[in-house]
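Asks:
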Amino acid sequence: MIESLPAQYRWAAELAGPKVPDSTTVLVCGMGGSGISGDFAQVVAGGVGVDVRAHKDYGLPAWVGSIRPLILAVSYSGNTAETLSAVDAARVLGLDVAVISTGGELARIAAAEGYPALLVPAGLQPRAALGYLVGAALVMVASATSLSNPAAMLVETAQATADLLGTEGSGRGHEQARAIAGALESRTAVIWGSAGPTEVAAQRWAKQLNENAKTPAYWSTMPELNHNELVGWDSTRRELYGSAGIVLLRDEGERQEVSRRFDLTVELVRESAPIIGEVWTVGESVLARAATASVIGDLVSVYVAEAAGIDPVPVDVITELKDRL
Ligand code: PA5
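In terms of this note's numbering, the sequence shown has 42 at position 42, counting the first letter as 1, and numbering is strictly consecutive.
1) So the beta strand (DSSP E) E278 belongs to, where does it begin and stop?
2) In three-state DSSP terms, what is A120?
3) Comparing alpha-carbon positions, which option in G32, V48, S77 and A111 lies nearest H55?
4) Whole angstroms are fine: how far does the CA of S101 sit from the CA of I296?
5) Quick one: using the 10 Å Cβ neighbour count with 16 as the cut-off for buried, is S34 buried or exposed?
6) Look at the alpha carbon of G277 and the alpha carbon of E168, and state the distance between them as a whole number of angstroms.
7) Examine chain C for any beta-carbon lying closer than 8 Å to the beta-carbon of A111, and answer yes or no.
8) Taking only three categories from DSSP, how would you classify G65?
9) In its own chain, which residues sit with a C-beta less than 7 Å from the C-beta of D22, not counting the 5 before and 5 after it?
10) The beta strand (DSSP E) that contains T188, what's its start and end?
11) Measure how close the beta-carbons of A273 and Y241 come, nearest whole angstrom, since I'm counting them as under 8 Å.
12) Determine whether the beta carbon atoms of K214 and I109 lie at a separation below 8 Å.
13) What is the DSSP secondary structure of A90, reduced to helix, strand or coil?
14) Once DSSP output is grouped into helix, strand and coil, what is the label at V315?
15) When the Cβ atoms of the region 34–45 are set against those of the region 66–82, are three or more pairs found closer than 8 Å?
16) Can you tell me whether W205 is helix, strand or coil according to DSSP?
17) Tell me where the beta strand (DSSP E) around H174 begins and ends.
18) Could you round the C-beta distance between V317 and V200 to whole angstroms and report it? I think they count as a contact, below 8 Å.
19) Once you ignore the five residues that flank T80 on each side, which residues in its own chain have a CB closer than 6 Å to its CB?
20) Please classify G33: does DSSP put it in a helix, a strand, or coil?
21) What did DSSP end up calling L325 once you bin it into helix, strand or coil?
22) Note down, in chain order, each residue of its chain lying with its Cβ closer than 8 Å to the Cβ of R187, except the 5 sequence neighbours on either side.
23) Could you tell me whether the Cβ atoms of V48 and V28 are closer together than 8 Å?
24) Check whether the Cβ of I109 lies closer than 7 Å to any heavy atom of ligand 1, and answer yes or no.
25) Taking S194 as the reference, give the member of L154, S220 and P216 with the closest Cα.
26) Run through DSSP, which three-state label would D251 get?
27) Specify the secondary structure class of I310 as computed by DSSP and reduced to three states.
28) If you reduce the DSSP assignment to three classes, tell me which class W233 lands in.
29) In terms of alpha-carbon separation, which member of A7, W63 and D57 lies closest to T25?
30) Comparing alpha-carbon positions, which option in S85, Y58 and R91 lies nearest R68?
31) Let me check you understand the geometry: is the CB of R127 closer than 7 Å to at least one non-hydrogen atom of ligand 1?
32) Out of P61, E185, V313 and A86, point me to the one whose CA is closest to E211's CA.
33) Among the candidates E239, I71, Y218 and L321, whose CA atom is the shortest distance from the CA of V190?
34) What are the boundary residues of the alpha helix (DSSP H) that includes V20?
35) How close, in whole Å, do the beta carbons of A122 and G103 come, if the pair is a contact with beta carbons under 8 Å?
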């Protein structure tokens with residue numbers, strides 16, 4: 001499924017997509033593997049001053065009443081309770097809504113209400129459909145706002161991820177992922193990014209390790225972590241975190257001050273916590289940089305699962321919880 005990501009980005013690059021009502025702000029509503037498309041859209045659009053925000057809850061935040069954003073509901077299954085609740089709240093408030101899904105209740109509502117809808121190919125786990133969902137979200141955002149056509153950045157992203165993946169596990173990305181997965185062993189991963197492409201990538205890493213490798217994993221960002229988390233890596237408290245390992249996600253575009261903070265922070269915690277990997281983004285566009293850092297995390301999560309004899313695909317406990325709600 002990871003190997004299909006370049007083709008997914010290419011699919012999105014060729015999408016026409018429906019016309020979406022104009023708006024200056026887009027609120028992307030979605031959860032988990034679908035919701036992270038909102039974080040990708042936010043970081044890409046934010047880089048060029050277009051206001052996209054991600055919402056991961058029931059209902060809608062109170063500010064939508066005054067700003068009246070376009071509500072972009074993203075759910076791969078089309079049946080996620082929180083996302084349907086957001087759409088319902090938007091309907092009550094008379095907000096414009098657009099939908100991305102493979103079908104389900106969300107597609108049914110879109111057809112009934114006349115909301116523009118973009119159907120993405122079905123048959124994957126939602127988190128494995130990242131290229132479809134992020135690409136579709138960017139196409140919809142570009143239709144609604146001043147964001148320019150994302151086709152070129154999607155093509156660049158497809159090429160950059162394909163280069164990392166190579167063929168049949170031969171790519172540089174696999175090599176790097178195998179080394180990090182080996183160093184992680186049975187450690188709990190802590191992923192550090194910084195504002196911009198590595199923030200969303202750090203989030204993706206942690207969630208992929210949760211769902212594919214079935215392990216806790218945590219993420220945070222520089223410089224905020226210098227103001228709190230850094231203190232928690234106190235060597236006298238090692239018994240509490242002794243099995244953690246830190247992965248750094250770095251970007252050539254990060255501010256010089258942030259680079260300096262990474263260097264100093266590593267020096268300060270090196271005695272306490274092992275730095276088990278450093279991954280640099282590849283590419284020009286924010287999307288390519290976020291996606292290349294992310295795909296290494298996808299691979300690490302699967303290598304960690306493989307080493308533990310775990311099937312990365314099913315997420316039975318999520319299904320059980322949804323059934324019991
Ligand atoms: O990866 C997963 O399976 C989950 O994180 C789902 O994406 C999440 O539960 C939301 O479901 P959906 O993506 O169908 O809206």
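Glycine residues also receive a C-beta, built at the ideal position from the N, C-alpha and C atoms.
Replies: The relevant details are as follows:
1) Along the sequence shown, read from residue 1 onward, the residue named residue 278 stands at position 278. For E278, the enclosing beta strand (DSSP E) starts and ends at I275 to W280.
2) Position 120 of the sequence shown, counted from the start, is the residue given in the question as residue 120. Just to set this straight, residue 120 is Val in the shown sequence, not Ala. Of the three classes helix, strand and coil, the one that applies to V120 here is coil, per DSSP.
3) In the sequence shown, the residue the question calls residue 55 occupies position 55. Minimum Cα-Cα distance from H55 among the listed residues G32, V48, S77 and A111 corresponds to G32.
4) Position 296 of the sequence shown, counted from the start, is the residue given in the question as residue 296. Position 101 of the sequence shown, counted from the start, is the residue given in the question as residue 101. CA-CA distance, I296 to S101, rounds to 26 Å.
5) The residue labelled residue 34 in the question sits at position 34 within the sequence shown. Around the beta carbon of S34, 16 or more other beta carbons sit within 10 angstroms, so the residue counts as buried.
6) Position 277 of the sequence shown, counted from the first residue, corresponds to residue 277. Position 168 of the sequence shown, counted from the first residue, corresponds to residue 168. Rounded to the nearest angstrom, the gap between the Cα atoms of G277 and E168 is 23 Å.
7) Among the chains of the structure shown, chain C does not appear; only one protein chain is present.
8) Translated into the one-based positions of the sequence shown, residue 65 becomes position 65. Reduced to three states, the DSSP call for G65 is helix.
9) As a first step, residue 22 must be located in the sequence shown, where it is residue number 22. The beta carbon of D22 is closer than 7 Å to those of A144 in its chain, skipping five residues each way along the sequence.
10) Taking the sequence shown and counting its residues from 1, one reaches residue 188 at position 188. Note, T188: beta strand (DSSP E), T188 to S194.
11) The residue given as residue 273 occupies position 273 in the sequence shown. The residue given as residue 241 occupies position 241 in the sequence shown. Sure, about 7 Å apart at Cβ, within 8 Å.
12) In the sequence shown, the residue the question calls residue 214 occupies position 214. In the sequence shown, the residue the question calls residue 109 occupies position 109. Contact: no.
13) Within the sequence shown, residue 90 is the residue found at index 90, counting from 1. A90: helix per DSSP, three-state reduction.
14) Here residue 315 refers to the residue found at position 315 when the sequence shown is read from its first residue. If DSSP states are grouped into helix, strand and coil, V315 belongs with coil.
15) Result yes; three or more Cβ-Cβ pairs closer than 8 Å.
16) Residue mapping note: residue 205 aligns to position 205 of the sequence shown, counting from 1. Under the three-state reduction of DSSP, W205 is assigned to helix.
17) As a first step, residue 174 is located in the sequence shown; it is residue number 174 there, counting from the start. Per DSSP, H174 belongs to no beta strand (DSSP E); it is in the alpha helix (DSSP H), R172 to L184.
18) Sequence index remark: in the sequence shown, residue 317 carries index 317 (1-based). Sequence index remark: in the sequence shown, residue 200 carries index 200 (1-based). Their Cβ separation, rounded to whole angstroms, is 25 Å, which puts V317 and V200 out of contact at 8 Å.
19) Within the sequence shown, residue 80 is the residue found at index 80, counting from 1. M31, listed in sequence order.
20) The residue given as residue 33 occupies position 33 in the sequence shown. G33 sits in a helix when the DSSP states are folded into three classes.
21) For the purposes of this step, residue 325 is taken as the residue at position 325 of the sequence shown. Note: L325 maps to coil in three-state DSSP.
22) Numbered from its first residue, the sequence shown carries residue 187 at position 187. Excluding positions up to five away in sequence, the list reads S243, A244, G245, P274 and I276.
23) For the purposes of this step, residue 48 is taken as residue 48 along the sequence shown, with counting starting at 1. For the purposes of this step, residue 28 is taken as residue 28 along the sequence shown, with counting starting at 1. No, the pair does not count as a contact, with Cβ atoms beyond the cut-off.
24) By one-based count along the sequence shown, residue 109 stands at place 109. Here the distance from the Cβ of I109 to the nearest heavy atom of ligand 1 is not below 7 Å.
25) For the purposes of this step, residue 194 is identified with residue 194 of the sequence shown, where counting begins at 1. Comparing Cα positions, the closest option is S220.
26) Sequence index remark: in the sequence shown, residue 251 carries index 251 (1-based). Three-state result, D251: coil.
27) To locate residue 310, count along the sequence shown from 1; it is residue 310. Shown here, I310 sits in coil according to DSSP, grouped into three states, outside any helix or strand.
28) On the sequence shown, residue 233 is found 233 positions in, with the first residue counted as 1. When secondary structure is reduced to three states using DSSP, W233 falls in the coil class, being assigned neither helix nor strand.
29) Taking the sequence shown and counting its residues from 1, one reaches residue 25 at position 25. When only C-alpha atoms are compared, the closest one is W63.
30) For the purposes of this step, residue 68 is identified with residue 68 of the sequence shown, where counting begins at 1. The candidate whose alpha carbon is nearest that of R68 is R91.
31) Counting from one through the sequence shown, the residue named residue 127 turns up at place 127. Checking every heavy atom of ligand 1 against the Cβ of R127, one is found closer than 7 Å.
32) Translated into positions along the sequence shown, residue 211 becomes position 211. Measuring from the Cα of E211, the nearest candidate turns out to be V313.
33) The count along the sequence shown starts at 1 and reaches residue 190 at position 190. Checked all of E239, I71, Y218 and L321; the closest Cα to V190 is Y218.
34) Counting from 1 along the sequence shown, the entry for residue 20 is found at position 20. That residue, V20, is in no alpha helix (DSSP H); it is neither H nor E in DSSP.
35) The sequence position of residue 122 within the sequence shown is 122, counting from 1. The sequence position of residue 103 within the sequence shown is 103, counting from 1. Yes, A122 and G103 are in contact; Cβ-Cβ is about 7 Å, under 8 Å.
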